[in-house]
Every structure is written in structure tokens, then in C-alpha cells.
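Since the structure comes first, as C-alpha cells, the remarks are kept for the end.
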Amino acid sequence: MSAALVIHHFGSKEGLRKACDDFVAEEIRSSKAAALKSNDPTTWLAQMAEIESYAPLMAYLVRSMQSGGELAKMLWQKMIDNAEEYLDEGVRAGTVKPSRDPRARARFLAITGGGGFLLYLQMHENPTDLRAALRDYAHDMVLPSLEVYTEGLLADRAMYEAFLAEAQQGEAHVG
716 MSAALVIHHF
726 GSKEGLRKAC
736 DDFVAEEIRS
746 SKAAALKSND
756 PTTWLAQMAE
766 IESYAPLMAY
776 LVRSMQSGGE
786 LAKMLWQKMI
796 DNAEEYLDEG
806 VRAGTVKPSR
816 DPRARARFLA
826 ITGGGGFLLY
836 LQMHENPTDL
846 RAALRDYAHD
856 MVLPSLEVYT
866 EGLLADRAMY
876 EAFLAEAQQG
886 EAHVG
């Protein structure tokens, strides 16, 4: 695409990048929303079977995050906003448990998921082959993550309750 066409359609190089960011974020949001709203294993397994098809989107996402800057921050924020939206859709569908703080949960999941993938990619034997990396990531990470999300990690709520009480006490002193 020529510079003139970029300017004509998007106003600037940054406008083109923002349009690409929006497209990638929406593709990820819509696929995650479909999975979280569904109770049908066929939906989940079909998405997993197609994981390599996400390689171009993930390559773009990785490059955007690694480049940093204001557009990368805006993309992260969009991904967090989208996570909050699709988690809420899952809550309404009855497939996701409600959260005491939906925004904080969405931020945690978006950052740990995105950051975890970036780290996994850096450690992968061939980080430039996104198709292989996605396939291996799914093989290595899906079952352990589903176990943590479904079964939980801690034996009881004691640690959570202690930190929650501390946070609430701190909020009471600030207010």
C-alpha cells in the first residue's frame, strides 16, 4: 500500500496501525466470547483445532506489544476492556463465575495471558514460527490453565480473605 493510500484511507501511519489494532483486538474478543458463552465442547475443540490460523493475528499482536509506545498501551487497554466484556458475557451465560471486581479480574487475565504468551514465545525453540509456537503453547498450557481456572489452586480461601480484608482496611483509611 502506498503512503498516499494510507493517508487517504487512514489519515496517517498511526491511523493504519490503530485500525489494525482494532481489528486484531476484535477478532480475539469475538473468539474468546464465543468460547466463554458456549457450553458445547465442539465449539471449544473446533477453536483449538484452528489455533494455527491465529498466527498472523498473534504475530501482529506480539510486534505491537514489543514495539511499545502509546499505541501499544492503547491496544493493551482495548484488550483489557474486551476481556471485561467477554467475561461478563460468560457470567451472563452461566459459564463464568461472577467476580468481586470484574475490572481487576479482566486486567489480571489480559496481562498474565498476554505476558505469559510473550514469555513462552521468547523461550520457544523457534520463536519466529508462530504457527508452531501457538500449537505448542496450546499443548503445554491449555490443560494446566483450565485446571487452575476450574479447580482452583489454593486449598481454602484463607489467603484471599486475609488480603481482601487488608485491602478493605486500607480503603477505609484512605476514604
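Just remember that my numbering sits 715 ahead of the position in the sequence shown, which is counted from 1.
No residue lacks a Cβ here, since even glycine has one placed at the ideal position from N, Cα and C.
Quick one: grab the DSSP three-state call for residue 783.
-> If you number the sequence shown from 1, residue 783 lands on position 68. Of the three classes helix, strand and coil, the one that applies to residue 783 here is coil, per DSSP.
From the DSSP output, in three-state form, read off residue 776 for me.
-> The count along the sequence shown starts at 1 and reaches residue 776 at position 61. Three-state result, residue 776: helix.
For the segment 757 to 764 against the segment 807 to 816, are there 3 or more C-beta pairs whose distance is under 8 angstroms?
-> no
Residues in its own chain within less than 7 angstroms of residue 850 by CB, not counting five upstream and five downstream?
-> By 1-based counting over the sequence shown, the position of residue 850 is 135. Hits under 7 angstroms: 766 and 767.
Where residue 879 and residue 717 are concerned, what is the direct C-alpha to C-alpha distance, given to the nearest angstrom?
-> Position 164 of the sequence shown, counted from the first residue, corresponds to residue 879. Position 2 of the sequence shown, counted from the first residue, corresponds to residue 717. If I take the Cα positions, the gap works out to 54 angstroms.
Considering only residues of the segment 719 to 763, which uninterrupted alpha helix (DSSP H) runs meet the minimum length of 4 residues and lie entirely inside it, listed in chain order?
-> 728 to 752
In the DSSP assignment, find the alpha helix (DSSP H) that holds residue 843 and state where it starts and stops.
-> In the sequence shown, counting from the first residue as 1, residue 843 sits at position 128. Looking at the DSSP string, residue 843 is not in any alpha helix (DSSP H), and its letter there is neither H nor E.
Secondary structure of residue 816, DSSP reduced to three states = Start at 1 with the first residue of the sequence shown, and residue 816 comes out as number 101. Looking at residue 816 - three-state DSSP - the assignment turns out to be coil, as it is neither helix nor strand.
Rounded straight-line distance, which links the Cα of residue 751 to that of residue 804 = Position 89 of the sequence shown, counted from the first residue, corresponds to residue 804. Position 36 of the sequence shown, counted from the first residue, corresponds to residue 751. Rounded to whole angstroms, residue 804 to residue 751 spans 7 angstroms at the Cα level.
Taking the C-alpha atoms as reference points, what is the distance between residue 816 and residue 836?
-> Indexing the sequence shown from 1 puts residue 816 at position 101. Indexing the sequence shown from 1 puts residue 836 at position 121. Going from the Cα of residue 816 to the Cα of residue 836 covers about 30 angstroms.
Residue 696 and residue 770 look like a contact to me (Cβ under 8 angstroms); what is the Cβ gap, rounded to whole Å?
-> In the structure as shown, the chain begins at 716 and stops at 890. Residue 696 is therefore absent and cannot be evaluated.
Helix or strand or just coil, what does DSSP make of residue 765?
-> Working through the sequence shown from its first residue, we reach residue 765 at position 50. In the structure shown, residue 765 sits in coil (DSSP, three-state: anything other than H, G, I, E or B).
Find out if the Cβ-Cβ distance for the pair residue 786, residue 732 is shorter than 8 angstroms.
-> Numbered from 1 along the sequence shown, position 71 holds the residue referred to as residue 786. Numbered from 1 along the sequence shown, position 17 holds the residue referred to as residue 732. A contact, by the Cβ cut-off of 8 angstroms.
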